[in-house]
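Working notes, beginning with the structure itself.
There are 2 protein chains.
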Amino acid sequence: MQDLSNFRKNQQFSPFAESSDDMLKETRHEHILNEVRIRNRVLLADIAHQLEVSEDTVRRDLKELDLAGKLKKVHGGAIAKSFNPFSFHEEEIYDHANKAIIAEKAIQLLRNKQVILITGGTTNLEFVNSIPREMHLTFFTPSLHVAMQLSQHKNVETILIGGKVSRDAQIALGAEALNTLNLIKADLCFLGTGHLDLDHGLSEFDWDVVQLKRAMIRSSEKIISLTLSTKLNSTQQYKICDITAIHTLVTELDPSNPILEPFHKKGIKIL
Amino acid sequence: MQDLSNFRKNQQFSPFAESSDDMLKETRHEHILNEVRIRNRVLLADIAHQLEVSEDTVRRDLKELDLAGKLKKVHGGAIAKSFNPFSFHEEEIYDHANKAIIAEKAIQLLRNKQVILITGGTTNLEFVNSIPREMHLTFFTPSLHVAMQLSQHKNVETILIGGKVSRDAQIALGAEALNTLNLIKADLCFLGTGHLDLDHGLSEFDWDVVQLKRAMIRSSEKIISLTLSTKLNSTQQYKICDITAIHTLVTELDPSNPILEPFHKKGIKIL
DNA sequence: AAAAATCAAGCAAATAAATGCAGGATTTAT
DNA sequence: ATAAATCCTGCATTTATTTGCTTGATTTTT
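Protein chains in written order, with the working numbering: chain A, -4 to 266; chain B, -4 to 266.
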C-alpha cells in the first residue's frame, strides 16, 4: 500500500513523467482499443496501471466500449471482438420509425425453409434486420447492403446475385444478374423502394433497375411490396408491372385506412 | 418582432410548453438531423429559433455534424447528405499502419484501363481505399466489403461476382462464383489474406476459399500478393498453388530485407 | 464453503465541455 | 461597390461529465 502512494508521488515529480496528464476519456478509449487489438485480451488492472487511473474508471470505459460494440467485456478485463470495418447505423435511415413498423408487419409473412428474393433499399434493410434470428431461410439478393445484413443471421443462407454494381444504389445489375434470376424460382419476393400507382402500376426511374425487378417478379410465386405511404400514388418514368402483379402490400398505415381501400378492391392483400 | 417575444413568453408559461428546457447537445443534434432529413435543407436561424438557443450554438452544432459526415454545412444553414447506412472505419483495422504501407506500394502496379480481380480481406480493402480517384479501372470481386468500397470510386467499374455468401469473410463462394470466374481473363489478380511459405506455397484453411482463389489465379495474367510479413513462412491446411505462381509480392518490409531474399531468389518480384 | 477478487451503485469534488456574447473578418446580395 | 448577413475567434460563466472513493453485492478461485 505504501509502495503505491510512493510510486504516485514519484511519478508526479519525476522529469520523466508522461508528457501530459490529460488522460481524457477519448484518449483512454483509443489506448484501450489499441491494446485490445494487439493483445486480443486485456486485464482491467493492467490498463488501470498503464494509464494511472483507478480501476473503476477503466471498468466504466470498458463498459462503454462494450456497449458501443467495440470490444467484449469479460470478468476482470476485455477481449477483442471479430471486427467488421463496416458498421450499420439504422437510426440514421430516413423515416426510420415508419420503416420499422413496416418491417414488423412483414415478418408475419415469413415461414421457415422459404426461398426469398429481395431487392435493396432502406425499407428492405430494416426488414432484414428485424428477421427473428431463429428462422431458417434462404435469400437471394443483388444488394450489397442487404447481403451484408443478412449474413449476420446464423440460420439464413444468403446467395448474392452478381453483376455490375450501381454506384448509388449499391446493387448488382445487368445481364449477369438477369441470367441468374432466370434460374431461380422463389416463394416470396420483397420489392423495396418503388413507386406505386393504381393506374400506372409499379414504376422506377432507372431502366436497369426496372429490368432487374421484372426478372425478380417473374422468378417468384408471391410478390410483396414494402412501401411507405408517401410512395403510394406516385409514378416514375418506366413501368415495371401492373398493380395487380402485387399480392401483398405493406405500409406503415393501418390496413383500414381509406388510402389503402382502392388497392384492396383490386384484390391486393393489405397488411 | 413583438409577435416573437410574445410567442416566447407564451411558450414559457403555457401548460403545453415543451416538457423540459434541457436542450442538451445530443438532443439538439437529433433534432437538427431529423429536420435535415425531412426538409433536406435547413436554415441556421430557423433552428436557433426552434430550439431557443443562440445562432452560435447552432453554428457549432452544424460544424460538428458536418465533420462527423452527417450533413453538409453551407452558408446560412445545412443540407442533407446522400446517406449510406454503412460506414467504413479504416482506423479500426488490425495493424492498419502496415497495411497502409502495403497499399501505397501496390498502387504503383496499376495502369489505366486494366481489368483486375481482387479477393477480400482488410489488406485488400486498404489497398482499394487508396486507389487514386482519377484512375480508370475495371474490378471483379466476390467480396462485399471490397465492392462497397470500390463503388466509391467514380472512375472504377465494379462487377460483383455472385455466389453463396460466407458468413465470416463476407465473400461469395461456391459453384456460381467459380463459373463466373471461368469466363474472365484479367490483367492482374490481387490475392489478400493468405499464408505463404517457400516450400508449401500459398495455403488457406477454408476449402471453398481455396477453390475460389485457384479459379482467380487461372483467370489472371499476373498474380500479386499483398501480405503482412507475419504471414510469410506460415502454412494452412489446404494448398492453393506453388509459391512460383506469384509474380509480385508486396509486404510492409523494405524490399532488401533478408526475410524476402529467398522469395526473390525464386523469381518473385518484391515491392 | 470460505476467501479473494471483481463488480455495481451512489456520492461529492474535480474537471472538461458548452454556451452566449463581443469584436473583427468573410461572404453574399443588391 | 456598398450594405447586410453570416461566420470565426476568444473569453467568462454556466452546466454537464468524469473521477476516485466507499459500501455492499457478485463472481471466481481454492
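Idealized CB from N, CA, C, for every residue including glycine.
| Item | Value |
| --- | --- |
| Do we get a CB-CB distance below 8 Å when we pair residue 84(B) with the residues of chain A? | yes |
| Using a Cβ-Cβ cutoff of less than 6 Å, which residues in the same chain neighbour residue 246(B) once the five nearest sequence positions on both sides are dropped? | 222, 224 |
| May I ask you to verify whether the region 160 to 175 of chain B touches the region 192 to 212 of chain B, counting CB pairs closer than 8 Å and requiring at least 3? | yes |
| Beta-carbon separation of residue 267(A) and residue 132(A) under 8 Å? | Past the boundaries of the shown model lies residue 267(A); chain A is included only from -4 to 266, so the question cannot be answered. |
| Take residue 210(A) as the anchor and find which of 90(A), 174(A), 190(A), 196(A) has the nearest alpha-carbon. | 174(A) |
| Relative to the alpha-carbon of residue 164(B), which residue among 178(B), 22(B), 187(B), 145(B) has its alpha-carbon at the smallest distance? | 187(B) |
| Mind checking the region 148 to 159 of chain A against chain B and listing, in chain order, the residues whose C-beta falls within less than 8 Å of any C-beta there? | 149, 152, 153, 154, 155, 156, 157, 158, 159 |
| Using the C-alpha atoms, what's the distance from residue 123(B) back to residue 150(B)? | 13 Å |
| Which word fits residue 232(A), buried or exposed, when buried means at least 16 other C-beta atoms lie within 10 angstroms of its C-beta? | exposed |
| On the three-state DSSP scale, how would you describe residue 185(B)? | strand |
| Tell me, to the nearest whole angstrom, how far the beta carbon of residue 82(B) is from that of residue 84(A); I am working on the premise that it is less than 8 Å. | 7 Å |
| So which residues of chain B does residue 96(A) contact, with C-beta pairs closer than 9 Å? | What residue 96(A) touches in chain B: nothing, since even the nearest Cβ is about 17 Å away. |
| Between the Cα of residue 162(A) and the Cα atoms of 114(B), 98(B), 147(B), 160(B), which residue gives the shortest distance? | 147(B) |
| Is residue 119(A) near the ligand NAP, with its Cβ less than 7 Å from a heavy atom? | Although the ligand NAP was asked about, the structure shown includes no ligands whatsoever. |
| One question on the structure: do residue 234(A) and residue 189(A) come within less than 8 Å of each other, judged by their Cβ atoms? | no |
| Tell me the DSSP bridge mates of residue 138(A)? | 166(A) |
| Please state whether DSSP places residue 27(B) in a helix, a strand or coil. | helix |
| Which residues, taken in chain order from the region 48 to 72 of chain B, show a beta carbon closer than 8 Å to some beta carbon of chain A? | 65 |
| According to DSSP, is residue 54(B) helix, strand or coil? | helix |
| Taking DSSP as the reference, what is the three-state secondary structure of residue 41(B)? | helix |
| Let me know the alpha helix (DSSP H) ranges lying completely inside the region 63 to 143 of chain A, each 4 residues or longer, listed in chain order. | 91 to 102, 117 to 124 |
| Can you tell me whether residue 254(B) is buried or exposed? The criterion is at least 16 other CB atoms within 10 Å of its CB, across all chains shown. | exposed |
| For residue 154(B) versus residue 134(B), is the C-beta distance shorter than 8 Å? | yes |
| DSSP three-state call for residue 47(B): helix, strand or coil? | coil |
| Going by DSSP, which residues form a beta bridge with residue 221(A)? | 245(A) |
| Give me the residue from 44(B), 65(B), 50(B), 22(B) with the minimum Cα distance to residue 31(B). | 65(B) |
| For the beta strand (DSSP E) containing residue 154(A), list its first residue and its last residue. | 151 to 155 |
| Along chain A, in chain order, which residues have C-beta atoms closer than 8 Å to that of residue 80(B)? | 83, 84, 85, 87, 88, 117, 120, 140 |
| Quick one: Cα of residue 312(A) to Cα of residue 67(A), how far? | Here chain A comprises residues numbered -4 to 266, so residue 312(A) is not present and cannot be evaluated. |
| Kindly indicate which three-state DSSP category residue 194(B) falls into: helix, strand or coil? | coil |
| Going along chain A in order, which residues have a C-beta closer than 7 Å to the C-beta of residue 165(B)? | 143, 146 |
| What's the gap between the Cα of residue 35(A) and the Cα of residue 28(A)? | 10 Å |
| If you run the structure through DSSP and keep just helix, strand and coil, what is residue 180(B)? | coil |
| DSSP three-state call for residue 263(B): helix, strand or coil? | coil |
| Please report the distance separating the alpha-carbon of residue 257(A) from that of residue 114(A). | 26 Å |
| What are the boundary residues of the alpha helix (DSSP H) that includes residue 208(A)? | 202 to 213 |
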